[in-house]
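Chemist: Residue numbers (UniProt numbering): 1 to 476.
This is the structure in structure tokens:
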């Protein structure tokens, strides 16, 4: 109790550098017995997350006889792959495979779940193609389009009704469960759930903070395990506010490195923002180029700020990820499921299972988590979703107080948040005018198009995506 009381006091002391390590354990008691846990994965056939999380699960000292996993996916082929992979992981680690349940019906397994992961995609590759290609015809060039902008807003329109249906079932069948969402657009979906199901313990998880820390360490030649950081903002646009190497402030060295053309070439827009805003931001340069008005509004800027393509900002790169790359990954899943390819037991950078272990009493863990602001970042709206350091301990998740962001960083976050807020109201109230407003104020879209052009683009997208959206959007 003395340690927890000390930690609570420290959370109120913004300047205490002893708490500024990256995602890490502050107390790790592997001797404490963790209870039986039931973990349900909705969208278990996800290409990335479920396999990583299952490996992390068996790496942690949960009691082997106390693990129960339920896998849910509406895609029976994918469900078959991940079920066989899960059985291999369990069998190779001494866990009875009978503790795995697989189904296409989430209601059949939600009851009794203490933890639920959600990682879903609503709409097929053709829906994503429309998200990218229709705005492109108007001059709005997107790389990924899954967070804000035309692609992010329409992905939210498709996905939010399904997320809310899932949350309705959770509220009925396992209302005390901790729910962790990996689905984009993260902030809009978390905000929608907070409005409709405020009593649910619903959190958003992303790997962009820890992945960015790894990239910074690689750029600078620093050991990742010695890097300490304090990161806060909004999902896909959170800021490395402090950066230390074994306690020493090394931000001046990173700012100096930003002028190295070799580094700038690898991570163009984020390095440019570091040069002129003074701080490094999470997520890839391709993602970040969409969240502001500076990099994608003219052909010459696209050529200058998206060299090398791919995650560095290639036009429509998401279509490659969901096309040939997706096919290749499915083939890999099939090989792993059939046993012809070994399973890697390397620890992933995902927070999910470490958070569960801490919630079960295995220690105190720190991670960046998406949740309602409520004054955590004092110069962002209290109702928006922020990504901030949180301390996870037995039975609870507590956000750390951040205070004011530097003005230039808060300004950019607020540009995105105001668009998110209007999209949230549009989704909940089924008001198309709010969807127009969300894109009138979207930083990239507004930098390229006039108001009447944006309205026409949105109408074209509604018409093209009619098969993926609820009928309410088409009532006059």
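Yeah, the Cβ is synthetic: ideal placement off N, Cα and C, and Gly gets one too.
Going by DSSP, what residue range makes up the beta strand (DSSP E) through residue 209?
Modeler: For the purposes of this step, residue 209 is taken as the residue at position 209 of the chain shown. Element bounds for residue 209: not the beta strand (DSSP E) but the alpha helix (DSSP H), 208-220.
Chemist: So is residue 48 buried or exposed if we call it buried at 16+ other beta carbons inside 10 Å?
Modeler: As a first step, residue 48 must be located in the chain shown, where it is residue number 48. Classification for residue 48: exposed.
Chemist: In whole angstroms, give me the CA-to-CA distance for residue 140 and residue 444.
Modeler: Counted from its first residue, the chain shown places residue 140 at position 140. Counted from its first residue, the chain shown places residue 444 at position 444. Using only the alpha carbons, I get a separation of about 7 Å.
Chemist: Helix, strand or coil, according to DSSP, for residue 296 in the structure here?
Modeler: Here the question's residue 296 lines up with position 296 in the chain shown. Coil.
Chemist: Checking 9 Å against the spacing of the C-beta atoms, do residue 392 and residue 427 come in under that value?
Modeler: Sequence index remark: in the chain shown, residue 392 carries index 392 (1-based). Sequence index remark: in the chain shown, residue 427 carries index 427 (1-based). Contact: no.
Chemist: Since residue 90 is in the alpha helix (DSSP H), which residue starts that stretch and which ends it?
Modeler: Locating residue 90 in the chain shown gives position 90, where the first residue counts as 1. 76-91 is the span of the alpha helix (DSSP H), which, as asked, contains residue 90.
Chemist: DSSP on residue 469, reduced to helix/strand/coil?
Modeler: Counted from its first residue, the chain shown places residue 469 at position 469. If DSSP states are grouped into helix, strand and coil, residue 469 belongs with coil.
Chemist: Pair every Cβ in the region 184-203 with every Cβ in the region 378-394, then say whether three or more of these pairs are closer than 8 Å.
Modeler: In short, these stretches touch, since the Cβ pair count reaches three.
Chemist: Just tell me which of 93, 184, 245, 82 has its CA closest to the CA of residue 214.
Modeler: Start at 1 with the first residue of the chain shown, and residue 214 comes out as number 214. With distances taken between Cα atoms, residue 214 lies closest to 245.
Chemist: Name the one or two DSSP bridge partners that residue 69 has.
Modeler: Locating residue 69 in the chain shown gives position 69, counting from the first residue. According to DSSP, residue 69 bridges with 39, 100.
Chemist: Using 8 Å for Cβ pairs, my map puts residue 120 next to residue 162. What's the rounded Cβ distance?
Modeler: The residue labelled residue 120 in the question sits at position 120 within the chain shown. The residue labelled residue 162 in the question sits at position 162 within the chain shown. Right, the Cβ-Cβ distance comes to about 6 Å (below 8 Å), so this counts as a contact.
Chemist: Is the region 244-258 close to the region 393-401, with three or more CB pairs under 8 Å?
Modeler: Segments in contact, no.
Chemist: Could you spell out where the alpha helix (DSSP H) holding residue 189 opens and where it closes?
Modeler: Your numbering for residue 189 matches position 189 in the chain shown. That run of the alpha helix (DSSP H) goes 186-196.
Chemist: Would you tell me roughly how many angstroms separate the C-alpha atoms of residue 465 and residue 75, rounded to the nearest one?
Modeler: If you number the chain shown from 1, residue 465 lands on position 465. If you number the chain shown from 1, residue 75 lands on position 75. Cα to Cα, residue 465 sits roughly 21 Å from residue 75.
Chemist: Beta-carbon separation of residue 122 and residue 41 under 9 Å?
Modeler: Locating residue 122 in the chain shown gives position 122, counting from the first residue. Locating residue 41 in the chain shown gives position 41, counting from the first residue. In this structure, residue 41 does not lie closer than 9 Å to residue 122 by Cβ.
Chemist: Taking the alpha helix (DSSP H) that residue 167 falls in, what are its first and last residues?
Modeler: The count along the chain shown starts at 1 and reaches residue 167 at position 167. Per DSSP, residue 167 belongs to the alpha helix (DSSP H) from 149-173.
Chemist: Taking 9 Å as the cut-off, decide whether the C-beta atoms of residue 370 and residue 235 are in contact.
Modeler: For the purposes of this step, residue 370 is taken as residue 370 along the chain shown, with counting starting at 1. For the purposes of this step, residue 235 is taken as residue 235 along the chain shown, with counting starting at 1. Going by C-beta atoms, residue 370 is nearer than 9 Å to residue 235.
Chemist: I need the DSSP call for residue 331, collapsed to helix, strand or coil.
Modeler: Translated into positions along the chain shown, residue 331 becomes position 331. Correct three-state label for residue 331: helix.
Chemist: Hey, would you say the C-beta of residue 470 is under 8 Å away from at least one heavy atom of the ligand MG?
Modeler: Among the components of this structure there are no ligands whatsoever, and the ligand MG is therefore not found.
Chemist: The alpha helix (DSSP H) that contains residue 436, what's its start and end?
Modeler: Working through the chain shown from its first residue, we reach residue 436 at position 436. Element bounds for residue 436: 432-440.
Chemist: Hey, is the region 445-460 in contact with the region 300-316, meaning 3+ C-beta pairs nearer than 8 Å?
Modeler: No, they do not touch.
Chemist: CB residue 409 to CB residue 279, shorter than 9 Å?
Modeler: Counted from its first residue, the chain shown places residue 409 at position 409. Counted from its first residue, the chain shown places residue 279 at position 279. The answer is yes: Cβ separation under 9 Å.
Chemist: Could you pull the start and end residues of the alpha helix (DSSP H) that residue 317 belongs to?
Modeler: Against the chain shown, residue 317 aligns to sequence position 317. Start and end: 317-321.
Chemist: Residues in its own chain within less than 8 Å of residue 256 by CB, not counting five upstream and five downstream?
Modeler: Residue mapping note: residue 256 aligns to position 256 of the chain shown, counting from 1. Same-chain partners within the cutoff: there are none.
Chemist: Name the residue from 432, 456, 437 whose alpha carbon lies nearest to the alpha carbon of residue 473.
Modeler: Position 473 of the chain shown, counted from the start, is the residue given in the question as residue 473. Taking only the C-alpha atoms, the option nearest residue 473 is 432.
Chemist: Grab me the residues of residue 469's own chain with a C-beta within less than 8 Å of its C-beta, minus the 5 sequence neighbours each way, in chain order.
Modeler: To locate residue 469, count along the chain shown from 1; it is residue 469. Same-chain partners within the cutoff: 157, 158, 462.
Chemist: Closest by CA to residue 316, which one among 126, 93, 430?
Modeler: As a working mapping, residue 316 is identified with position 316 in the chain shown. Measuring from the Cα of residue 316, the nearest candidate turns out to be 126.
Chemist: Measuring CB to CB, does residue 148 end up less than 9 Å from residue 314?
Modeler: If you number the chain shown from 1, residue 148 lands on position 148. If you number the chain shown from 1, residue 314 lands on position 314. It is not a contact, given that the beta carbons lie outside the stated cut-off.
Chemist: If you follow the alpha helix (DSSP H) that residue 368 is part of, which residue opens it and which one closes it?
Modeler: Here residue 368 refers to the residue found at position 368 of the chain shown. Not the alpha helix (DSSP H): residue 368 falls in the beta strand (DSSP E), residues 363-372.
Chemist: Nearest to residue 232 by CA position, among 101, 375, 338, 135, is which residue?
Modeler: Against the chain shown, residue 232 aligns to sequence position 232. Residue 375 is the option with its Cα nearest to residue 232.
Chemist: With C-beta atoms as the reference, is residue 103 less than 9 Å away from residue 71?
Modeler: Indexing the chain shown from 1 puts residue 103 at position 103. Indexing the chain shown from 1 puts residue 71 at position 71. Yes; because the gap between Cβ atoms is below 9 Å, this pair is in contact.
Chemist: Can you give the Cα-Cα distance for residue 209 and residue 415, rounded to whole angstroms?
Modeler: As a working note, residue 209 is residue 209 in the chain shown. As a working note, residue 415 is residue 415 in the chain shown. For residue 209 and residue 415, the distance between alpha carbons rounds to 21 Å.
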